[in-house]
Amino acid sequence: MARRKRVPVRDEHDPGELLTTGELMKRSGLSRQVLYQYTTMGLIREAAQTRAGYRLYPVETLRRLEIIRSLNEMGYTLRDIKEIFAERLLPT
Numbered sequence: 009m010a011r012r013k014r015v016p017v018r019d020e021h022d023p024g025e026l027l028t029t030g031e032l033m034k035r036s037g038l039s040r041q042v043l044y045q046y047t048t049m050g051l052i053r054e055a056a057q058t059r060a061g062y063r064l065y066p067v068e069t070l071r072r073l074e075i076i077r078s079l080n081e082m083g084y085t086l087r088d089i090k091e092i093f094a095e096r097l098l099p100t
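Okay, here's the thing in structure tokens:
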């Protein structure tokens with residue numbers, strides 16, 4: 009398994025493209041457990057971790073979470089959604 013890139017803690021006012029798990033939870037309305045499940049299933053992927061071990065996600069993950077939510081509301085299972093992403097070659 010590839011080692012995750014470690015990045016220094018960033019300035020909170022930096023308009024960077026990475027979100028902590030807490031920021032992702034707040035902006036998506038999803039719980040930590042759901043984000044962990046999506047990460048372990050490969051539906052979303054963390055970009056890096058801070059030296060303190062905080063997971064950082066690309067801001068584009070918010071759009072991907074919207075797609076997952078929409079497909080799930082339409083009746084697709086998470087396994088179905090993973091297959092859809094793989095078939096369409098949507099990057100995680």
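Numbering (our numbering), first residue to last: 9 to 100.
Ideal Cβ placement from N, Cα and C applies to all residues, glycine included.
A quick note: this is a predicted structure, and the numbers were derived from the prediction, not measured.
How is residue i classed by DSSP in three states: helix, strand or coil?
i: Glu73; result: Sequence inspection shows Leu at residue 73; the Glu mentioned does not correspond to that position. Looking at Leu73 - three-state DSSP - the assignment turns out to be helix.
i: Thr58; result: strand
i: Thr29; result: helix
Could you pull out every residue in the same chain whose Cβ sits closer than 8 Å to the Cβ of residue i, ignoring the five residues on either side in sequence?
i: Thr29; result: Arg40, Leu43, Tyr62, Arg63 and Tyr65
i: Leu26; result: Val15, Arg18, Ala55, Ala56, Leu64, Tyr65, Pro66 and Val67
i: Asp88; result: Leu79
So the beta strand (DSSP E) residue i belongs to, where does it begin and stop?
i: Tyr44; result: Unbroken run through Tyr44 is the alpha helix (DSSP H), Arg40 to Met49; no beta strand (DSSP E).
i: Arg53; result: No beta strand (DSSP E) holds Arg53; DSSP gives it neither H nor E.
Return the chain-ordered list of same chain residues with a C-beta closer than 7 Å to the C-beta of residue i, the five sequence neighbours on each side being excluded.
i: Ser36; result: Leu70 and Leu73
Between residue i and residue j, how many whole angstroms is the CB-CB distance? I'm expecting something under 8 Å.
i: Lys90; j: Leu51; result: 6 Å
Locate the alpha helix (DSSP H) running through residue i, then write down its first and last residues.
i: Arg96; result: Leu86 to Arg96
Which residues in the same chain as residue i place their Cβ atom closer than 6 Å to its Cβ, once the five residues preceding and following it in sequence are excluded?
i: Arg77; result: none
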